[in-house]
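Visitor: Just so we're aligned: the sequence shown equals residues -25 to -1, 1 to 312 in mature numbering (1 follows the signal peptide of the UniProt record, and there is no 0).
Beta carbons are placed, not taken as given, at the ideal position from N, Cα and C, and that holds for glycine.
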Amino acid sequence: MGRRCWRRRALAAACLVAALLLLSALRPGLEGGAAGAGRPGGKSRSPLQRLYDLDQGPRSALAEVHRQRRDLLRRTCSRHTRRQRLLQPEDLRHVLVDDAHGLLYCYVPKVACTNWKRVLLALSGRAPPDPRAIPAHEAHAPGRLPSLADFSPAEVNRRLRAYLAFLFVREPFERLASAYRNKLERPYSAAFQRRFGTSIVRRLRPRPGPDALTRGHDVRFAEFLAYLLDPRTRRAGPFNEHWERAHALCHPCRLRYDVVGKFETLAEDAAFVLGLVGAPGLRFPEPPPRARAAATRDRAARLFRDISPFYQRRLFGLYRMDFLLFNYSAPSYLRLR
């Protein structure tokens, strides 16, 4: 079997998948054995070992919150994901690697991923030590941060066993509203509007004007949601990463995550991760103030209140696994019954 995998590219991908799935099941997590999983060189305790130490002693309130999130994620995966497609190497593209500090970070767009990429660049020493001084376009530049998909199966396995893996998530409908406003509604997203907006109005608007067909600049929120729910969209390929479901980007039921951070508690959760890294001088860029966060929630509520209960229910079904895996309740403004 191994020889045929080596000879054929498709079977090689399948072999990598099998190795990853086996590793995910066998990885010595915090329940036992993590203290022996060392960082390359073994010079100091790795973030995964520090998390293990926290789990063994009296836990702080925040450490207990993160333990509960891990446990809920694993229970929900066990309950709801009995049959899954095989992972492909490309599925690891969103998992970024920091070898110097023993970190794996799966980024989810619209969940502070720009600032987390800045932080990883600052940790790497290849950028200014203050993350705020790193321009956003540099943080997102291809190749600045290695991805888990760039490594051989053996190297992937070693990192999955020994590194602290974390991701940050956000209430799914608020994230969806943010993606719409940032990528399709605002005028500075002209390239994105031409790429996706023109397709949306061409497919879903009965009589689109020539300007909309050329620029895609005036996509309505209801049209955007209809595009997401249109079976033709899924048949054409995966969603764009800005509105793809978090579980479809990071595969938390097949790759084991040690920390699940949330956008709603960004400051506390980011500090928790950086504390595990052992970088006391590094500060995560200041999260949005509470008043701005409340305004963001209100804008999402206004957008969804204009959507019919029928489409609200269908959309909730589409993003249901993110609600379940990451313990989000359905927003109160939805009319799901």
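Do the stretch 113 to 131 and the stretch 278 to 288 make contact, defined as three or more Cβ pairs closer than 8 Å?
Guide: No, they do not touch.
Visitor: Residues in its own chain within less than 6 Å of residue 146 by CB, not counting five upstream and five downstream?
Guide: Only 303 meet the Cβ criterion.
Visitor: What did DSSP end up calling residue 252 once you bin it into helix, strand or coil?
Guide: Here residue 252 sits in helix by DSSP.
Visitor: To which residues does DSSP link residue 73 through a beta bridge?
Guide: Bridge partners of residue 73: 78.
Visitor: Using the C-alpha atoms, what's the distance from residue 158 back to residue 8?
Guide: Unreliable placement is indicated for residue 8, whose pLDDT of 43 sits below 50; the coordinate value is still reported in the next sentence. If I take the Cα positions, the gap works out to 44 Å.
Visitor: Here's the rule: buried if 16 or more other CB atoms are within 10 angstroms of the residue's CB, otherwise exposed. What is residue 89?
Guide: Result: buried.
Visitor: Give me the residue from 95, 98, 85 with the minimum Cα distance to residue 219.
Guide: Looking at the Cα atoms, 85 is the closest of the given residues.
Visitor: Assuming residue 139 and residue 79 make a contact with CB atoms under 8 Å, what is their CB distance in whole Å?
Guide: At roughly 7 Å, the Cβ-Cβ gap stays under 8 Å, so residue 139 and residue 79 are in contact.
Visitor: I'd like to check one pair, residue 142 with residue 81: are the Cβ atoms closer than 8 Å?
Guide: Their beta carbons are under 8 Å apart, which means residue 81 touches residue 142 by this criterion.
Visitor: Between 113, 87, 65, which lies nearest to residue 128 when the distance is taken from Cα to Cα?
Guide: Nearest C-alpha to residue 128: 65.
Visitor: Using beta-carbon positions only, say whether residue 77 and residue 21 come within less than 8 Å of one another.
Guide: Taking 8 Å as the Cβ cut-off, residue 77 and residue 21 qualify as a contacting pair.
Visitor: Give a yes or no on whether the C-beta atoms belonging to residue 61 and residue 200 are separated by under 8 Å.
Guide: Not closer than 8 Å, so no.
Visitor: Quick one, which of 306, 252, 208 has its alpha-carbon nearest residue 23's?
Guide: Nearest C-alpha to residue 23: 252.
Visitor: Using only alpha-carbon positions, find the residue among 238, 239, 236, 151 that is nearest to residue 202.
Guide: Considering only alpha carbons, the answer is 151.
Visitor: Residue range of the alpha helix (DSSP H) that residue 292 falls in?
Guide: Residue 292 -> alpha helix (DSSP H) spans 284 to 293.
Visitor: Counting along the chain, where does the beta strand (DSSP E) carrying residue 139 start and finish?
Guide: Run containing residue 139: 139 to 144, per the beta strand (DSSP E) assignment.
Visitor: So the candidates are 167, 196, 231; which of them puts its Cα closest to the Cα of residue 276?
Guide: Checking every option, the nearest Cα to that of residue 276 belongs to 196.
Visitor: Taking DSSP as the reference, what is the three-state secondary structure of residue 40?
Guide: Residue 40: helix per DSSP, three-state reduction.
Visitor: Could you give the distance in angstroms between the alpha-carbon of residue 109 and the alpha-carbon of residue 217?
Guide: Using only the alpha carbons, I get a separation of about 21 Å.
Visitor: Could you please give me the residues that DSSP links to residue 237 through a beta bridge?
Guide: Answer is 144.
Visitor: Taking the alpha-carbon positions, what's the residue 299 to residue 240 distance?
Guide: Roughly 18 Å between the two C-alpha positions.
Visitor: Kindly indicate which three-state DSSP category residue 35 falls into: helix, strand or coil?
Guide: Three-state DSSP puts residue 35 in coil, outside helix and strand.
Visitor: Does the Cβ of residue 163 have 16 or more other Cβ atoms within 10 Å, making it buried, or fewer, making it exposed?
Guide: Exposed, by the Cβ-count rule.
Visitor: What separation, rounded to the nearest whole angstrom, lies between the Cα atoms of residue 223 and residue 33?
Guide: Straight-line Cα distance between these residues: approximately 35 Å.
Visitor: What whole-angstrom Cβ distance do residue 179 and residue 198 have, given they're in contact under 8 Å?
Guide: That belief holds up - the Cβ atoms of residue 179 and residue 198 are roughly 5 Å apart, short of 8 Å.
Visitor: How long is the line joining the alpha carbons of residue 308 and residue 268, rounded to whole angstroms?
Guide: Cα to Cα, the separation comes out at about 17 Å.
Visitor: Return yes when the Cβ of residue 235 is within less than 8 Å of the Cβ of residue 26, no when it is not.
Guide: In this structure, residue 235 does not lie closer than 8 Å to residue 26 by Cβ.
Visitor: Under DSSP, the alpha helix (DSSP H) around residue 56 begins and ends at which residues?
Guide: From DSSP, residue 56 is part of no alpha helix (DSSP H); its letter is neither H nor E.
Visitor: Tell me whether the beta-carbon of residue 214 lies closer than 8 Å to the beta-carbon of residue 191.
Guide: Not in contact: residue 214 and residue 191 (Cβ atoms no closer than 8 Å).
Visitor: Assign residue 168 to buried or exposed, taking buried as 16 or more other Cβ atoms, counted over all protein chains shown, within 10 Å of its Cβ.
Guide: That one is buried.
Visitor: Which residues does DSSP pair with residue 122 in a beta bridge?
Guide: For residue 122, which the question treats as bridged, DSSP gives the partners 71.
Visitor: Ordered along the chain, which non-local residues of its own chain (more than five positions away) have a Cβ less than 6 Å from that of residue 242?
Guide: So the list reads 262, once near-sequence residues are dropped.
Visitor: Looking only at its own chain, which residues have a Cβ that is under 6 Å from the Cβ of residue 221, when we skip the five neighbours before and after it?
Guide: 83, 144, 297.
Visitor: Are residue 55 and residue 247 close, meaning C-beta to C-beta below 8 Å?
Guide: Cβ distance not < 8 Å, so residue 55 and residue 247 don't count as in contact.
Visitor: To the nearest angstrom, how far is it from the Cα of residue 188 to the Cα of residue 166?
Guide: C-alpha separation (whole angstroms): 13 Å.
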